[in-house]
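Step one of this worksheet: look at the structure below.
Residue numbers (UniProt numbering), protein chains in the order written: chain Z, 1 to 561; chain Y, 1 to 561.
Shown next, in the form of structure tokens:
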């Protein structure tokens, strides 16, 4: 297995007849999935998603794939193929379409409906081509065959891309539930046929490659919900992902079975389920849905609230309910079900919600104490099936952190794929498929692109570092007006501090020293304001370090008058 | 079970002959454990630990129990009983001794050695009384019998406190490994005897009460280490907690078995293992330990590095090794073992370390893929044994978040403890044991006390909120000098911003508007600097919100000249 190395340089030109693959996101993180295929001078984009920030990226709203690699080649893009409707696969489409509005979007009916709803908020009306499993479409030089896959959202597709350089099979996100609710299984017969025909490069979801065995069935959650519902004598609140149509379906079915009615809570939940129901992916039994306003007029044991916030997002309904800060209230005897995974990094927030609900007297059922969630991604056991049925000539693990990619690569090798044909690439690494062999040939710059308020890409690591210092250490601004004639301090110095135990008062102590230091500096010929500012920074910095043991950001301003 | 309620008021006076228990930390969080027992006007403190901050507490070094409840009663304290040497049980002792230096510390030999090393750094020499299991000491009005318990640090003790009001048994932290490395099991014979004599209030560790079944044996980790060592042909790095003497023992033993030598890395690891070895808790085979400097002269397959940083702490050895920023380097073929739990909230940091090490080519073995860690806290199955052998008259779950306390309470009830004798209390809740019945009688204020640089308790929620705003949104300071005569702007306005995509430059756009707004305000009679500052804040705030979609902290300063 070839490890990506920091010493990788820009790649040579793609040889004639070769296929190039560059991921601009999703290889090294779980999110912002985006792969760019190039053949004969033309490009095909597969997915264009967002990544959600971690705590060391304060204030950041979203993280995008880095479009720089294709910024000058937008006109070469034949289409964006969207494998399914999750945010980490479609969320960055509006930002790419801002660069070129008429790139066609290709995907299944539900995927396109979700992305169109999102684009509407950005006031973009896209060009779309809806496809179904089994269908083949020629997108410029790329012949794309779409294959059904099973995932935690309906209507997900893998795509086989045929070019003169060979066939690439990209799974998107998938698992292999053999008895899914909608009967739409990952099409292993198509995988087998593609394998017979020859898959030259298999780009395969790595998210669960470290997890041994097989993902349990979605269908298994129904009986668990049923028994929790049967045990509940008061209100039931279920939280899950706003796009998890089948999970919501099972909640609706359980509600009907137990004579309860369901109110959907949360904008994205309401919007997505309206789409899913209109398109026939969600079957809403007659009369089961009620408006949130109608909840209070029903007895507690006839109510289910289906809401977002299962990851402890502070502004979502569930967190606010747990904080007793929402029109929906929870009390002793109520049951809350977190029918969702616990995404790493969200533990503290989720446990805060669980503790809050527990404190209010609710029973909290979650994946830690009941089988109310199954993953959407193939575990190691399922991946082994895929490798064996496909017998791909080359493998490129996608979608995951480095640990996931490496674990997936090891599985490929275990099934007999030669180690030198398993390509470990991170974002920006350039992989060429030439003469039937895939290899790393270089890398292009590929950074994190932060969306922050109205700024896209303006925030860099430097600003994030500033924010971390501001958040951890606070800041001090110092202001003085000095005479341009004799350097005497005419006004100030004034100190303003934030984030300190003792606010401005304690800093009074330093003012006489500061004035003295300024006037001494002026007396010694330091007349320009920049030098005087450095004097103020030094005096205050040293004092704060000694007295308060802190290293805040210090902004000194000297004005001459 | 009585849930704590926010409407609790200050408690009435403790009835004559009654016993009062107030936890000043540890009930509602995992950490800063501290309980205060009161009888006949005298106080006994059990444990005095720290809590480590979460991400929403930026810049905070440590969180202490709230000593306010006992601040005016320091002279009533007979002693501080320390159940074991973990930071969350001893870490706040220096801060309590700062208030009264001569409070006696009572604990086992190893516990006292660890706390004395810590106090030495604070330049405090304590009064101590070393005790052993089986021993009974009269501490003023409290007769204390010490009972051996098994935990993830040697020499841990439970304490039975006898008073005229009845007997309290406090477990400290414990589990019930039946074949511990040192043969020192949790003394269920003593528990049985105490039960026969009558335990009126059982204060019991709740940390793992949600976890079904039993904790696996520490001894089971040896064979796993052995097989990982056998598979390793290059360097081995093991990371664990710096106080986990038995884990380190097993690493030393595995090293000897495989012809390797061990360098301890990290100040606390070196210090604690020196203490443990000197006191006979750690058996160091001859010649197995080497200095870190000696590592480079040994072949890779003769080296083990035993270090801290298993929680992804950014400054610890392991994180720096993973970042390629440490004198110890890791490369292809090396093995890293994280022999530790993953404490909730640390996932992102730990996974960053695992990804970094994986990227460097190392094989990373951790509790997610091998049995290299067992917990130190009794699971539900073990707790049931305790309840059944003790048959306590009243139960008060301690040490845990609300969800843990509630789960532990449910176990007590399942074994037949009447629900009205299971007391659910959080920090500050006052529990009185009167006439053999424990009940909640009120609550005293009990906040989080933040250590931040040199400040203890100065930082409040208000400053933390400021810091979160600073970290998420950045700040803008605005300065202007105006004429006291006619309100004309003499110098400035100047804007300085940090944490923004566009730093100061973009703010140039607003300066003309700002000057105009100031002079208009002055013309309309707003002459005091406070009013002018509000004008600046409003103009800049509105502009930043509209143009940048941000809500930073804004500090306007107007000086008259």
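Even for Gly, the Cβ is constructed at its ideal location relative to N, Cα and C.
- Chain Z has no Cβ within less than 8 Å of the Cβ of residue 237 (chain Y).
- Contact check for residue 257 (chain Y) against residue 304 (chain Y) fails: the beta carbons are separated by 8 Å or more.
- Taking the Cα positions, residue 144 (chain Z) is about 5 Å away from residue 161 (chain Z).
- Residue 272 (chain Z) is not bridged by DSSP to any residue.
- Residues of chain Z whose Cβ lies closer than 8 Å to the Cβ of residue 466 (chain Y) are, in chain order, 474, 498, 499.
- In this structure residue 163 (chain Z) is not in contact with residue 69 (chain Z), their Cβ atoms being roughly 19 Å apart against a cut-off of 8 Å.
- For residue 257 (chain Z), there is no enclosing beta strand (DSSP E); the residue is found in the alpha helix (DSSP H) stretching over 245 to 257.
- The CB of residue 336 (chain Z) never comes closer than 8 Å to any CB in chain Y; the least such distance is about 12 Å.
- Of all residues in the region 50 to 63 of chain Y, those with a C-beta nearer than 7 Å to a C-beta of chain Z are 54, 55, 58, 59, reading in chain order.
- Only buried fits residue 249 (chain Y), as 16 or more other CB atoms lie within 10 angstroms of its CB.
- Note that the C-beta distance between residue 329 (chain Z) and residue 375 (chain Z) is not below 8 Å.
- Rounded to whole angstroms, the separation of the alpha carbons of residue 407 (chain Y) and residue 202 (chain Y) is 15 Å.
- Assignment of beta-bridge partners to residue 498 (chain Y) by DSSP yields Y:475.
- Think of a sphere of 8 Å around the beta carbon of residue 406 (chain Z): the chain Y residues whose beta carbon falls inside it are 358, in chain order.
- Residue pairing by DSSP places residue 265 (chain Z) opposite Z:307 in a beta bridge.
- Chain Z has a Cβ within less than 8 Å of the Cβ of residue 355 (chain Y).
- For residue 515 (chain Z), the enclosing alpha helix (DSSP H) stretches over residues 511 to 523.
- By the Cβ neighbour-count rule, residue 419 (chain Y) is exposed, with fewer than 16 other Cβ atoms within 10 Å of its own.
- Of the residues Y:247, Y:369, Y:438, the one whose Cα lies closest to the Cα of residue 210 (chain Z) is Y:369.
- Contact annotation: residue 36 (chain Y) and residue 24 (chain Y) have beta-carbon atoms nearer than 8 Å.
- Under the DSSP definition of a beta bridge, residue 203 (chain Z) partners with Z:170, Z:396.
- Around the beta carbon of residue 553 (chain Y), a 10 Å sphere encloses 16 or more other beta carbons of the protein chains shown; the residue is thus reported as buried.
- Burial of residue 550 (chain Y) is indicated by the presence of at least 16 other C-beta atoms within 10 angstroms of its C-beta.
- Around the beta-carbon of residue 496 (chain Y), 16 or more other beta-carbon atoms lie within 10 Å, marking it buried.
- Taking C-beta atoms as the reference points, residue 391 (chain Y) and residue 300 (chain Y) fail to come closer than 8 Å.
- A straight-line Cα-Cα distance of about 11 Å links residue 515 (chain Y) and residue 522 (chain Y).
- According to the DSSP secondary-structure assignment, residue 127 (chain Y) is paired through a beta bridge with no residue.
- Chain Z has a Cβ within less than 8 Å of the Cβ of residue 459 (chain Y).
- Not a single CB atom of chain Y sits nearer than 8 Å to the CB of residue 215 (chain Z).
- Looking at Z:110, Z:314, Z:59, Z:140, the one whose alpha-carbon comes closest to that of residue 132 (chain Z) is Z:110.
- DSSP, read as helix, strand or coil, puts residue 120 (chain Y) in helix.
- Beyond the five residues adjoining it in sequence on each side, residue 560 (chain Y) comes within less than 7 Å, by CB distance, of 482, 484, 529 in the same chain, given in chain order.
- Within chain Z, the C-beta atoms nearer than 7 Å to that of residue 401 (chain Y) come from 351, 355, in chain order.
- Cβ neighbours of residue 539 (chain Z) within its own chain (closer than 8 Å, five residues either side excluded): 510, 513, 514, 517.
- When the alpha-carbon of residue 79 (chain Z) is set against those of Z:22, Z:20, Z:67, Z:139, the nearest one is in Z:139.
- Within chain Y, the residues placing a beta-carbon under 8 Å from that of residue 491 (chain Z) are 481, 559, 560, 561, ordered along the chain.
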